[in-house]
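Participant: Let me begin by handing over the structure; questions about it come next.
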Amino acid sequence: MENEELRVTAELAEIGLSESELQSLGVAVSELVRYFATMMEADLEELEPTTHALMAHNRTRADEPSAEPEATAESLLENAPELEDRFIVIPNVL
Amino acid sequence: MSYWNRVLHDARRREAYTKFVRTQDAGLGAFLEFDPARRLDPPLAEHADPGDVSYAGSVSRARSRGAAAGGETPESALAGVPFAVKDNIAVAGFNLTCASRILEELQSPYTATAVRRMEAAGARVVGKTNLDEFGMGSSTDNSALGVTHNPYDHTRVAGGSSGGSAAAVAAGLVPVALGSDTGGSVRQPASFCGVYGLKPTYGAVSRYGLVAFASSLDVVGVCARELSPLQAVFNVIRGLDERDHTSQEPVSGPSAKVSVVGVLTGLQGLDPAVRAAYERTVEYLQGLGYALREVELSTLKYVVPAYYTIATAEASANLARYNGVRYGLRPERAENPDELVRIARDEGLGPEVKLRILLGTYVLRSGFQDQYYLRAQRIRTAIRNELARAFDNVQAILTPTVPVLPFAHGEGELTAFQQKLADIFTATASLAGIPALSVPCESTTGGLPVGMQLLAPAFAEERLFAVAGRLAEAAGERGLVARPENYPPLPDWAAAKGYELDWS
Amino acid sequence: MYQSFIGLEIHIQLLTRTKVFCGCRSAFGEEPNTNVCPVCLGYPGVLPTLNAEAIRMAYVVARTLNCELAEYSLFERKNYYYPDLPKNYQISQYAAPLGRGGYLDIEFHGKRKRVGIHEVHLEEDAGKMIHAGDMSLLDYNRAGTPLLEIVTEPDMEIGDEAELLLQQFRRMVRYLGVCDGNMEEGSMRCDANVSVNRHGQGLGSKVEIKNLNSSRFVRKALNHEIARQEEILSHGGTIPQETRLWNENRDLTETMRTKESAHDYRYFPEPDLPPFTTTAQFLGAVEASLVELPLERRDRFIEQYDLATHQADFLTEERPLADYFEAAVEHGAEAHAAATWLAADVRKMLNRRRIEVQDSPLTPKRLAELLQLLAESRIHGKIAKQTLGEIFETGRDPLEIIRENGWEQITDPATLSEYVDQVLARHPKAVQQVRDGDSKPIGFLVGQVMKASSGRAEPRAVQELIIAKLELKVVQVLSFGGAISGVRRADGLVEPGDLVSLGELFAQDGFADSVRFDELHLGRFLSEEITPQDWAILLSEVASRLQTGAADGIVIAHGTDTLSYTASLLYWCFADTSAPIVLTASVLPHDKPGEEPHPHSDALRNLKAAVRKAMSGEPGVHVIYGDADFSPLNLKFEGLLPFSAPSRAHEAAGRKGAVGDRGAAESAAAGALSLGRFRNWNMESPVYRGRPISREIGELPRAELTRKLEQAVRSVFIAKVFPGMQGDTLIALMNAGVRYFILELFDTGTANLRETPYSLRKAFQHGEQAGALFFCTSQQEIAVDFSEYVTGHELWREGAIPMGRLTTESVYTRLLAALMVAENDDELVKLMED
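Residue numbers (numbering that gives the first Met the number 0), protein chains in the order written: chain A, 0 to 93; chain B, 0 to 503; chain C, 0 to 833.
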């Protein structure tokens, strides 16, 4: 894979690659992409892609609020790195 | 189960058990967290939530199933039994690290359905086990939080990604452990550690609380030293869950009876020891009266690339949520949201995880999606079709679990790429969504265990248990695989350490 | 010439109790991060579960938009990073959305247009990010709210259409009860895309506009963006494909910085959710949820209850009000009365209390009862209003309130008769005045009866009794200037006079007993000197005469020059009159009584014809001129004909669309008396009766009426377009306070929009900013609908409002009438287009 392709891919994936990572991961990614290309040889005729492991029937949930929430909002906010008045805080571009 | 349902019974036994595990695990590295007291009395709400009809229903279903199957209810079988949980399965009160820096500090605010069902049946979580970061690997070496060794040889890996669960079970630290299996992550370490490893049918066990790696492949699996507790656990955790819309009740139909076993032909690249073990197992089966029939899978050579294409594609989305905003590692300094996210992921994710995210992102990109992701999904269809045809003639299929023996830590014996190629047999079942069981079959002359994999059609787990049961029976007292040296059972260890306790 | 293509992406939050993929409550306005759970906060290990109600509502909307419903629809992951998106992918639909290929009809300036719906898909909303200095605050309460996206085809051309579509869509979803449509709170959101290209070259580069949080901004932003792109293209520039933000403070769009790679969303099927397939049972539930939509209901209201379009529009704007109205009618309320009360007094009461009609103490049954009491004259209007207030105050039934307060009117004829007899006996002077033809004391006499009965006598019945007892049956002749009441001075010029002298001549023809001549105390003037004040006096005089029932018919002697204005103004105010209102005029004055009349004067002849018409009792507003009965609408005065010249009316009479010329032709045949010529322009058939713009105008107090008329007149300007007309002139007028232009265009509505100083485009663009409206008529006898020519189409794009077949004069007076009653420009336009 071209370094440029890798860079675009990394940007989409929000992964910042250092020069050395670009090197090491670049090699590994290219090796696997080349390997993936062996799939081109497969004769797949008109096969439909499998999108779900086992085709389940329609599944829906009744529009009822959870009677007893399994986790309180407070317990979830406890894991937040920075809080202010219940808001989760991140830096902003000025 | 013998002594297991007594170890948490009272303070003295608990103390002895705790000391036992702490001591034994110090050199093994199976657990990331161990604390049998923490969920001795799991929060009542989790067990008696009146709003959660499905949950109560599942317990009663599990009971009735257990009663029908063995006479002894699974509740009594699992009552008081300690079990370990792979650290990518949520248990409130414990961390949920996924062996990743980015989640190192994350307290799980909730508990996975499978764990809740286990606890409802009386079992108790005692700790969280090590794994390859987010389940990505075959060695547990990709853990950012600790090293796990193979109990048979500490220079070798326990396998992965559920290496901690398999090692803990193999070392006798717990009778059973929950793991997760995406492309072999329960079966491969089970094979490496000489224990049973079950990957149930996709959807047979709720994934709720299992941290997603590849959602269309992930299943919660079970490691156990013996077959009966493994079956008991499976019967308890299986079934429809309202929190997982891909979970299913077992379809009625597939008979548990196995008379013809399929044997894969044209296997290449097997370690000679594995090949020998495979051939001997085939002979055993013949000796047990099973008819054998050769099965050829022409799609086998596409399994690994298709598996990695799909798994990494799904992973690239599943792991996007780890960005240091709502929980998890937050960089010390960041000027803006973009930078915050990039630094958090850069510092928080390991190289194998980054590699797979990049791959998965790439195969989904517009312009590449057709030739990779879509093509892999078509191959998946081809594999399913081919297996379905094979199951017209055989009731189960035997393959080696892994083509190689437990390898040394690092990439010296097996490169990361070669480790991926070794997923070939396990990933086949994963792509097809069918159940598979790794059975500890042999020990090599070097004392390393070798496992064999049994495959059955969807929801026909009973067939796997039937064949495995016959194999175990045939082995008799000798056992299929010897216990690892230096890892005696708890009563023996306790007795040696001077504890005067009655474990019966 | 350019072509513009507008498509909308509308997002609505569905009104489910819980979020789309988890059991958290879906609520607005709570403490930050309270309605959150591991699922909607994107915790590791959680799974989405589809809300049955969300998918049902989604299909209901798709079905209502006439979409083809997908038997198999699939959720997919849309991958992009944004801090408000917990999973950094959004569960949405892509390859298999639940609805495709639908449409929604909009009505713009009376024309229906079908806007295609490309697709409808269900997805989840993101959280909210608030920027505060060097930090951003995240609230995930909204994350996971069911969001339905509706993507239209690029079938719209101008911002006004997009605004309309959005308003109509909003009404629709509110009717369906699936969304509250609140754009300010963000429960309904809209992004627009627009592309401009040279005509016939298809779509240009697509520019997406975001940050449009009201339908008004959608219109303004799109029109601004179209103008901006046309400007660039006309200077040879090109338009880059980009996303722009609407800056509501500066009224313009600005480039939005986006990441280079931001547009690769890498959709793939959501493995955690099984595909959704429709079952017969599900589709049955969808069908059962369908409702009569606002536009259908409006049309039915017009048809079934004989309501005006604007009334029906008002009633059907919100479903609860429409339901309420129908319930009231069901309980026996008269539809018109119910509509009027709901639009005026009830609305005021509700606004004051800030409640909705369905939540008020005024139940449909109570309103019906109140209106019935009023209709049966058991109470009069003022009491009805008081009772309404009491209902709101105490929540009791109207009859109970009326009885308790002794408000019930006396309607018993015998009792009333006693009161009337007493009063008539006590006021012989007033009685004599009335008998002499002055209707004003009738009001006084009624007042005396009311006083005598302590206000409980039913005034209308009292009035009828008085008129019956005085045996009045009269036609009132009002003098309103012009040659018909004028006199010829010694130097031969005509100056204003009065009709009284003419009236004396009536005695000879036996009209005396039943015809009263009445000066309006306007002073003497010629009709070209009419002021808004004069009109105000005329309107209130006519109204009071109609109201008191003192006149069986009203004749207005008018000048010829402005007759077409006054006639149409009277029509817009009194179109539903029960007594005939007849206007007439003459070209020449009769000259002084006693002297020989001018040999060719048509004054007396026309006046007599008008009185005869008024006596005939044929209701409506009529214009009598030279034996012919003209419609008050589309009246054109074509001036004097040379005495000897052959009348053009013969030819005109044969022409299609000039049926009103029948009279002119006849009078021409009558010879010398046909001195001037009127005809009805553009008319298929003459109109005498119809629905007034508002019944209230004549009832306004005279001072208020005058003030309103003067205010209206000041804001209007009539401009006839001509080669060389400059847009800047109109802009100067706008700067001088003109807000409503009546443009008399060419043909079916054309004008110069080519980029020169003589283009009107600048005026329209300035008008858009200044809030000016342009009502368009034609200099030709043709319907203005902006058809046929690109210049017309461009005018339509600039927001000009076509007035069809109406003449400039009729449009002007209609505008005055509408301005007096409309509360805002939206209502005004509705009244103008009704």
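Backbone N, C-alpha and C fix where the C-beta goes; we use that ideal spot for every residue, glycine too. None of these values were measured; they are calculated from a predicted model.
Hey, Arg341 of chain B and Gly15 of chain A are a contact pair by Cβ (cut 8 Å); roughly how many whole angstroms apart?
Facilitator: The pair is a contact, with the Cβ atoms about 4 Å apart (cut-off 8 Å).
Participant: Ala279 of chain C touches chain A at which residues, Cβ-Cβ below 9 Å?
Facilitator: Here the premise fails: no neighbours, minimum Cβ distance about 13 Å.
Participant: Alpha carbon to alpha carbon, how far is Leu211 of chain C from Gln240 of chain C? Give it in angstroms, no decimals.
Facilitator: One C-alpha to the other measures close to 19 Å.
Participant: Quick check on the DSSP output: the beta strand (DSSP E) that includes Ala223 of chain B runs from which residue to which?
Facilitator: That run of the beta strand (DSSP E) goes 218 to 223.
Participant: According to DSSP, what are the bridge partners of Cys189 of chain C?
Facilitator: Partner(s): C:Ile9, C:Leu211.
Participant: Please classify Tyr88 of chain C: does DSSP put it in a helix, a strand, or coil?
Facilitator: In this structure, Tyr88 of chain C counts as strand in the three-state DSSP scheme.
Participant: Restricting to Cα atoms, I'd like to know which of B:Asn94, B:Tyr201, B:Val156 is closest to Leu239 of chain B.
Facilitator: The residue with the shortest Cα to Cα distance from Leu239 of chain B is B:Tyr201.
Participant: With 16 as the cutoff for other CB atoms within 10 Å, does Gln418 of chain B come out buried or exposed?
Facilitator: Per the 10 Å Cβ criterion, buried.
Participant: Is it a yes or a no for the segment 324 to 333 of chain C touching the segment 355 to 369 of chain C, going by three-plus beta-carbon pairs under 8 Å?
Facilitator: Yes, the segment 324 to 333 of chain C is in contact with the segment 355 to 369 of chain C.
Participant: Return the residues of the segment 89 to 105 of chain B that lie within a Cβ-Cβ distance of less than 8 Å from chain C, sorted by chain order.
Facilitator: For the segment 89 to 105 of chain B, which is checked against every Cβ of chain C, the residues closer than 8 Å are Ala89, Leu95, Cys97, Leu102, Leu105.
Participant: Between which two residues does the beta strand (DSSP E) containing Glu329 of chain C stretch?
Facilitator: Segment 318 to 329 is the alpha helix (DSSP H) holding Glu329 of chain C; no beta strand (DSSP E) there.
Participant: Beta carbons nearer than 9 Å to chain C: which residues of the segment 18 to 32 of chain A have them?
Facilitator: Those residues of the segment 18 to 32 of chain A that come within reach of chain C (Cβ to Cβ, closer than 9 Å) do not exist; the list is empty.
Participant: At a Cβ cut of 8 Å, what residues of the segment 225 to 257 of chain B count as close to chain C, listed as they run along the chain?
Facilitator: Answer set for the segment 225 to 257 of chain B: Glu241, Arg242, Asp243, His244, Thr245.
Participant: Whose CA, out of B:Gly208, B:Ser215, B:Lys198, B:Val168, lies closest to the CA of Cys192 of chain B?
Facilitator: Nearest of B:Gly208, B:Ser215, B:Lys198, B:Val168 to Cys192 of chain B, Cα basis: B:Val168.
Participant: Comparing the C-beta of Ala41 of chain A with each C-beta of chain C, is any distance below 9 Å?
Facilitator: So, not an interface residue.
Participant: If we cut at 9 Å on Cβ distances, does Thr37 of chain A have a partner in chain C?
Facilitator: Not an interface residue.
Participant: Go ahead and pull the three-state DSSP assignment for Lys205 of chain C.
Facilitator: Residue state, collapsed to three classes: coil.
Participant: Please tell me whether Glu793 of chain C and Met0 of chain C are closer than 9 Å, where the distance is taken between their beta carbons.
Facilitator: Cβ atoms of Glu793 of chain C and Met0 of chain C: closer than 9 Å.
Participant: With 9 Å set as the bound, which would you pick, yes or no: does the beta-carbon of Leu75 of chain A sit closer than that to a beta-carbon of chain C?
Facilitator: Yes - at least one Cβ of chain C is within 9 Å of the one on Leu75 of chain A.
Participant: Express the C-alpha separation of Tyr102 of chain C and Thr393 of chain C in angstroms, rounding to a whole number.
Facilitator: Answer to the nearest angstrom: the Cα atoms are 48 Å apart.
Participant: What is the DSSP secondary structure of Cys97 of chain B, reduced to helix, strand or coil?
Facilitator: The answer is coil: DSSP assigns Cys97 of chain B none of H, G, I, E or B.
Participant: Could you tell me the boundaries of the alpha helix (DSSP H) in which Ala284 of chain C lies?
Facilitator: Note, Ala284 of chain C: alpha helix (DSSP H), 279 to 287.
Participant: CA-CA distance, Ala46 of chain A and Ala474 of chain B?
Facilitator: Before going further, note that residue 46 of chain A is Leu rather than Ala in the sequence given. So the two alpha carbons sit approximately 44 Å from each other.
Participant: At which residues does the beta strand (DSSP E) containing Lys468 of chain C begin and terminate?
Facilitator: Note, Lys468 of chain C: premise wrong, no beta strand (DSSP E); alpha helix (DSSP H) at 458 to 468.
Participant: Since I believe Thr112 of chain B is in contact with Asp243 of chain B (beta carbons under 8 Å), could you give me their beta-carbon distance rounded to a whole number of angstroms?
Facilitator: Asp243 of chain B to Thr112 of chain B, Cβ: 7 Å. Contact.
Participant: Using alpha carbons as the reference points, say which of C:Arg701, C:Ile9, C:Asp411 lies closest to Asp455 of chain C.
Facilitator: Residue identity differs from the one stated: residue 455 of chain C is Arg in this sequence, not Asp. Among C:Arg701, C:Ile9, C:Asp411, the Cα nearest to that of Arg455 of chain C belongs to C:Asp411.
Participant: Consider the C-beta atom of Ile354 of chain C and the heavy atoms of the ligand GTP; say whether any pair is separated by less than 8 Å.
Facilitator: This structure lacks the ligand GTP, and indeed carries no ligand of any kind.
Participant: Under 9 Å between C-beta atoms, does Cys36 of chain C make it to chain A?
Facilitator: Answer yes: the Cβ-Cβ gap between Cys36 of chain C and chain A drops below 9 Å somewhere.
Participant: Report yes if the C-beta distance between Gln2 of chain C and Val193 of chain C is below 9 Å; otherwise report no.
Facilitator: Not a contact, by the Cβ cut-off of 9 Å.
Participant: If I measure Cβ to Cβ from Glu754 of chain C and keep anything under 8 Å in the same chain, skipping five residues before and after, which residues do I get?
Facilitator: Ser233, Arg760, listed in sequence order.
Participant: In whole angstroms, what is the alpha-carbon distance linking Phe516 of chain C and Gln310 of chain C?
Facilitator: If I take the Cα positions, the gap works out to 38 Å.
Participant: Does the segment 371 to 389 of chain B come within contact of the segment 402 to 409 of chain B, defined as at least 3 CB pairs closer than 8 Å?
Facilitator: With a cut-off of 8 Å, the segment 402 to 409 of chain B and the segment 371 to 389 of chain B do not count as touching, because too few Cβ pairs lie within range.
Participant: Less than 9 Å between the beta carbons of Val686 of chain C and Leu632 of chain C, yes or no?
Facilitator: Yes.
Participant: Taking 9 Å as the CB-CB limit, is Asn2 of chain A close to chain B?
Facilitator: No, Asn2 of chain A does not count as interfacial toward chain B.
Participant: Are any of the Cβ atoms in chain A nearer than 9 Å to that of Ile129 of chain C?
Facilitator: Answer yes: the Cβ-Cβ gap between Ile129 of chain C and chain A drops below 9 Å somewhere.
Participant: Since Leu53 of chain A meets chain B, which of its residues come closer than 8 Å, beta carbon to beta carbon?
Facilitator: What Leu53 of chain A touches in chain B: Thr200, Tyr201, Gly202, Thr245, Gln247, Gly432, Ala457.
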